[in-house]
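*Asks:* Residue numbers (the UniProt record's numbering): 1 to 264.
Questions regarding the structure given below will be posed in turn.
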Amino acid sequence: MAVSLKGELLRRSSVAGTRFTSSSWFRSIEPAPKDPILGVTEAFLADQSPNKVNVGVGAYRDDNGKAVVLECVREAERRIAGNQFMEYLPIGGSIKMVEESLKLAYGDNSEFIKDKRIAAVQALSGTGACRLFAAFQQRFHPNSQIYIPVPTWANHHNIWRDAGVSMKTFRYYHPESKGLDFEGLMNDMKAKGHFPFFDMAYQGFASGDPERDAKAIRIFLEDGHLIGLAQSYAKNMGLYGQRVGCLRLVDCFKLQLRCRMLHE
Ligand SMILES: Cc1ncc(COP(=O)(O)O)c(C=O)c1O
């Protein structure tokens, strides 16, 4: 592999080698700022108080502050333990996992699933799904913008900025009433023809019922919108470290082959 920098060619593993030293290659690179949420975890770990509680990350914890592993996850572990299947998955990930994820989001009897109107791929948890969508947006709609809600998960800004998508913000939250800022929302979203993208990182956390929490998505579909959806299983399945997620786009069926557009 070779990388061209200021007209010069840097070769990796070339015998002729290059006069660039690693320090000159990395000189212009600033360390990334610390993630504000993970910074809270670092401060928590450094704190010596015996009574400390970390409320910086939305994660299940037992009375001793340890991560809770759900019984269904333990059961799944038991079932796959010793499984000899270590082969590559298709490039879109585990088809079975993606199919089950579709049902969780859209319902077992969804017409969209039956009609194969949803293109979907496995992703590196919710963050990876958002990043894939941002890259998709940048590639296929380079002049489009992303409207990011205020407030939101801080990483949304980094993800779309790094993908090179221009960003705007919109209000939706009214801090005094802790309700919807309808006026702010309507003022900020005056332009028509938006494509709704949902980042569903907590399905089941709002009401305790995953079906009920998926209602917003299903209403948008019933109203005839095309939507994009990032799904994460970090919080609701307690799979924080496994990085399991999905990206799906409704009505990419014109591309004929499910998932094709994310492979090209
Ligand atoms: C709204 C939102 N989306 C995505 C994520 C990231 O999820 P994951 O850990 O699955 O990448 C978070 C995590 O805090 C979140 O709050």
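Where a beta carbon is used, it is the ideal one built from N, C-alpha and C, also for glycine.
1) Going straight from the alpha carbon of valine 165 to that of phenylalanine 205, what length do you get?
2) What is the DSSP secondary structure of histidine 225, reduced to helix, strand or coil?
3) Can you list, in chain order, the residues of its chain whose CB lies under 6 Å from that of leucine 132, leaving out five sequence neighbours each side?
4) Going by C-alpha to C-alpha distance, which of Val150, Leu226, Met200, Phe220 sits closest to leucine 180?
5) Less than 8 Å between the CB atoms is what I'm expecting for residue 285 and glycine 56, so what's the real figure, rounded?
6) Taking all protein chains shown into account, decide if methionine 200 is buried (16 or more other Cβ within 10 angstroms of its Cβ) or exposed.
7) Express the C-alpha separation of valine 68 and aspartate 47 in angstroms, rounding to a whole number.
8) Who does alanine 105 pair with in a DSSP beta bridge?
9) Can you tell me whether tyrosine 88 is buried or exposed, with buried defined as 16 or more other CB within 10 angstroms of its CB?
10) Taking 7 Å as the cut-off, decide whether the C-beta atoms of glycine 241 and glutamine 231 are in contact.
11) Name the DSSP bridge partner or partners of serine 166?
12) In chain order, what residues of the same chain lie with their CB nearer than 6 Å to the CB of isoleucine 146, ignoring the 5 residues before and after it?
13) Suppose you measure from the CA of asparagine 83 to the CA of alanine 76; what does that come to, to the nearest Å?
14) What does the shell around ligand 1 hold, if a residue joins when its beta-carbon is under 6 Å from any heavy atom?
15) What is the residue span of the alpha helix (DSSP H) that isoleucine 118 lies within?
16) How would you call asparagine 236, buried or exposed, if buried means at least 16 neighbouring beta carbons within 10 angstroms?
*Replies:* This is what the structure gives:
1) For valine 165 and phenylalanine 205, the distance between alpha carbons rounds to 30 Å.
2) Here histidine 225 carries a coil assignment [DSSP, helix/strand/coil].
3) For leucine 132, the CB contacts under 6 Å within the same chain, skipping 5 residues up- and downstream, are Ala123, Leu247 in chain order.
4) The candidate whose alpha carbon is nearest that of leucine 180 is Val150.
5) In the structure as shown, the chain starts at 1 and stops at 264, and residue 285 therefore has no counterpart that could be examined.
6) So methionine 200 ends up on the buried side.
7) If you take the alpha carbons of aspartate 47 and valine 68, they lie about 22 Å apart.
8) Beta-bridge partners of alanine 105 (DSSP): none assigned.
9) Per the 10 Å Cβ criterion, exposed.
10) The Cβ atoms of glycine 241 and glutamine 231 lie no closer than 7 Å to each other.
11) By DSSP's assignment, serine 166 forms a beta bridge with Gln145.
12) Trp160, Val165, Met167.
13) Distance between the alpha carbons of asparagine 83 and alanine 76 is about 12 Å.
14) The filter returns Ser125, Gly126, Thr127, Trp153, Asp199, Ala201, Ser232, Ala234, Gly245, in chain order.
15) Run containing isoleucine 118: none in the alpha helix (DSSP H); it sits in the beta strand (DSSP E), 118-124.
16) With 16 or more other Cβ atoms within 10 Å, it is buried.
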